[in-house]
Amino acid sequence: MHEGKIIKFYREKANLTQDQLGTGICSDTHISKIERGITDYSQEVLDLLCERLGISMDRELAKFGRIKQRLYDWHDAIVKQIKPEMEAIKEELEQEALLQISEYETLYLLLQAKYLLQQIEPDKALRIIKRIGKTAERLPPFESNLLKHIEGMYHLSQDNYQQAIETMKTIQEKEYNNPEYYHHMAIAYHTLMSEVMAYFCAEKARNFFKDINCFLRVIDAEMIMLIQVKDDVGHNFQEVITRFENLIQSCDMCNAPDRKAKVVHNLAFEYFRRKEYVKSGKLYKQSMELKLPRTRPYLLSLEGHIRSCYEGKLLEKDELERLTQEGLKSASAAKDKLFILLFTLLLHLIRGEEAQYYRYLSDEALPVFRKFGYAFLIERSEKQLFQYYADTGNTEAALLVARSLLRERTIG
Numbered sequence: 001m002h003e004g005k006i007i008k009f010y011r012e013k014a015n016l017t018q019d020q021l022g023t024g025i026c027s028d029t030h031i032s033k034i035e036r037g038i039t040d041y042s043q044e045v046l047d048l049l050c051e052r053l054g055i056s057m058d059r060e061l062a063k064f065g066r067i068k069q070r071l072y073d074w075h076d077a078i079v080k081q082i083k084p085e086m087e088a089i090k091e092e093l094e095q096e097a098l099l100q101i102s103e104y105e106t107l108y109l110l111l112q113a114k115y116l117l118q119q120i121e122p123d124k125a126l127r128i129i130k131r132i133g134k135t136a137e138r139l140p141p142f143e144s145n146l147l148k149h150i151e152g153m154y155h156l157s158q159d160n161y162q163q164a165i166e167t168m169k170t171i172q173e174k175e176y177n178n179p180e181y182y183h184h185m186a187i188a189y190h191t192l193m194s195e196v197m198a199y200f201c202a203e204k205a206r207n208f209f210k211d212i213n214c215f216l217r218v219i220d221a222e223m224i225m226l227i228q229v230k231d232d233v234g235h236n237f238q239e240v241i242t243r244f245e246n247l248i249q250s251c252d253m254c255n256a257p258d259r260k261a262k263v264v265h266n267l268a269f270e271y272f273r274r275k276e277y278v279k280s281g282k283l284y285k286q287s288m289e290l291k292l293p294r295t296r297p298y299l300l301s302l303e304g305h306i307r308s309c310y311e312g313k314l315l316e317k318d319e320l321e322r323l324t325q326e327g328l329k330s331a332s333a334a335k336d337k338l339f340i341l342l343f344t345l346l347l348h349l350i351r352g353e354e355a356q357y358y359r360y361l362s363d364e365a366l367p368v369f370r371k372f373g374y375a376f377l378i379e380r381s382e383k384q385l386f387q388y389y390a391d392t393g394n395t396e397a398a399l400l401v402a403r404s405l406l407r408e409r410t411i412g
């Protein structure tokens, strides 16, 4: 079967008609049947066709058989996030002309989409998702579930956390055999402040990463688990801090500054929520220094650093405004709506523009937070608005916000 596909591929590559290829060997009708795999043929005929095409069938069949293994090797490298291996196999596959005539072309495209999402290129990934989605019902079980996983990852990249969860919940684990998707579900549940489900999914992911001996991804999962137990009565704060510090040490041992940046950022948040602004401000700055400037992760830590310095009165007003303008400029250049909102809010706060701050929070920021399900930002905003309305005598508005707060806590 593969022989016919290979003959056709190289015939077309050489710009030969079936008649030209078969001259002196066999008829064009016989060539057509060989290419379609619907006839028997002698080894002599095959050898003569290969000689005319300048190929070795044994070598081409060996390459054909190796494609599947290299695709799974690439998937393994993507899951483990081993960048050198990931890039090397990607380049190798891009040079493999036979991929386009193999039955593994769809798997290759799906892995391309997953790779692109990891490289923060969601628009390119979406084009592949849409292309394959047109024939999703005909996909083999593994590819079908891989598509769902990738769709979930795409929704995560677009901050559609509930949609990401709903998509990945349809994955059939026994058919897919890649529990990595639990890590992506854990991120979504964490953002929606569903601590129990976030912990459950992160633990499933951690166990999988341990099974495949991928310590870097174990760090990722354990960080999510640790964040969920921060308020657990069975864990005192010092124990939580010690576990964070152990994770930071593990990042250093593995030479993983990107992981370290995330762990340090989350440790900064733990200090911030306890109003230890000196420590949180320093840690947010340390996290920034480990990240690429003007990227979303950098802006996240910058926002935390500015807010820590504002709340703790650690910097002068002019410096706070300069840093905030820097963040707003980067967010605007990236057309990042979330961070445009956050830095605009900070500007109003720093300038002492109370009325403008709460108007912008109510009319512009909070609707977006609710649309995308930013649970922490929603809760923080509603608490601020309730206090403001109560202090300014706007009882009706305060009651509306209070009802929203109570409803969310009941649902949660």
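So the sequence shown is numbered by full-length UniProt numbering: it starts at 1 and just counts up by one.
Ideal placement from N, C-alpha and C gives every residue a C-beta, glycine not left out.
Everything numeric in this text was worked out from a predicted model, so none of it was measured.
According to the neighbour-count rule (16 or more other Cβ atoms, all chains shown, within 10 Å of its Cβ), is residue i buried or exposed?
i: Ser381; result: buried
i: Pro367; result: exposed
i: Val278; result: exposed
i: Ala14; result: exposed
i: Phe343; result: buried
i: Arg307; result: buried
i: Gly412; result: With a pLDDT of only 43 at Gly412, under 50, the local geometry of the prediction cannot be trusted, and the value read off the model is given with reservation. When all chains shown are included, Gly412 counts as exposed.
i: Gly327; result: buried
i: Leu399; result: exposed
i: Arg359; result: exposed
i: Pro257; result: exposed
i: Ala186; result: buried
i: Phe64; result: buried
i: Thr167; result: buried
i: Phe237; result: exposed
Inspect the beta-carbon positions of residue i and residue j and report whether they are closer than 7 angstroms.
i: Leu290; j: Thr324; result: no
i: residue 459; j: Lys114; result: There is simply no residue 459 to check, as the chain begins at 1 and stops at 412 in what is shown.
i: Ala188; j: Ala164; result: yes
i: Tyr284; j: Ala261; result: no
i: residue 496; j: Pro122; result: Past the boundaries of the shown model lies residue 496; the chain is included only from 1 to 412, so the question cannot be answered.
i: Ile6; j: Leu49; result: no
i: His183; j: Ala205; result: yes
i: Lys68; j: Tyr104; result: yes
i: Lys80; j: Cys214; result: yes
i: Leu377; j: Val401; result: no
Looking at the unbroken alpha helix (DSSP H) that takes in residue i, where does it start and where does it end?
i: Pro141; result: 141–157
i: Cys254; result: Premise fails: Cys254 is in no alpha helix (DSSP H) and is neither H nor E.
i: Asp40; result: Counting along the chain, Asp40 falls outside any alpha helix (DSSP H), and DSSP gives it neither H nor E.
i: residue 416; result: The structure shown does not extend to residue 416, since the chain is modelled only from 1 through 412, so no value can be given for it.
i: Gly133; result: 122–133
i: Ser280; result: 277–289
i: Glu166; result: 161–168
i: Lys383; result: 375–391
i: Asn207; result: 195–211
i: Val79; result: 57–80
i: Cys309; result: 296–311
i: Pro367; result: 366–372
i: residue 420; result: Residue 420 is absent from the model: the chain starts at 1 and stops at 412.
i: Tyr182; result: 181–191
Measure the C-alpha to C-alpha separation of residue i and residue j and round it to an integer number of angstroms.
i: Ala62; j: Glu3; result: 11 angstroms
i: Ala202; j: Arg274; result: 25 angstroms
i: Tyr389; j: Ala397; result: 6 angstroms
i: Gly304; j: Gly281; result: 7 angstroms
i: Leu21; j: Gly54; result: 12 angstroms
i: Leu98; j: His348; result: 59 angstroms
i: Asp58; j: Ala136; result: 34 angstroms
i: Gln249; j: Gln387; result: 41 angstroms
i: Cys251; j: Arg11; result: 53 angstroms
i: Leu300; j: Phe208; result: 29 angstroms
i: Thr39; j: Thr29; result: 10 angstroms
i: Glu51; j: Ile31; result: 15 angstroms
i: Ser194; j: Gly312; result: 29 angstroms
i: Leu315; j: Pro84; result: 42 angstroms
i: Arg322; j: Ile241; result: 32 angstroms
i: Arg217; j: Cys254; result: 11 angstroms
i: Leu247; j: Phe272; result: 19 angstroms
i: Glu143; j: Tyr108; result: 10 angstroms
i: Asn394; j: Gly133; result: 51 angstroms
i: Phe9; j: Lys337; result: 48 angstroms
Going by beta carbon distance, what residues of the same chain come within less than 7 angstroms of residue i, once the five residues before and after it are set aside?
i: Tyr298; result: Met288, Lys291, Leu292
i: Arg36; result: Gly4
i: Leu111; result: Leu71, Trp74, His75, Ile78
i: residue 413; result: Past the boundaries of the shown model lies residue 413; the chain is included only from 1 to 412, so the question cannot be answered.
i: Glu94; result: none
i: Ser102; result: Phe64, Ile67
Could you tell me whether any Cβ in chain B is nearer than 7 angstroms to the Cβ of residue i?
i: Thr106; result: The question asks about chain B, but that chain is absent: this structure has only one protein chain.
Going by beta carbon distance, what residues of the same chain come within less than 8 angstroms of residue i, once the five residues before and after it are set aside?
i: Leu117; result: Ala125, Ile150, Met153, Tyr154, Ser157
Report all residues from its chain with a CB closer than 6 angstroms to the CB of residue i; omit the five preceding and five following residues, and keep chain order.
i: Leu226; result: Arg243
i: His265; result: Ser287, Ser301
i: Asp159; result: Phe372
i: Ala375; result: Leu192, Met193
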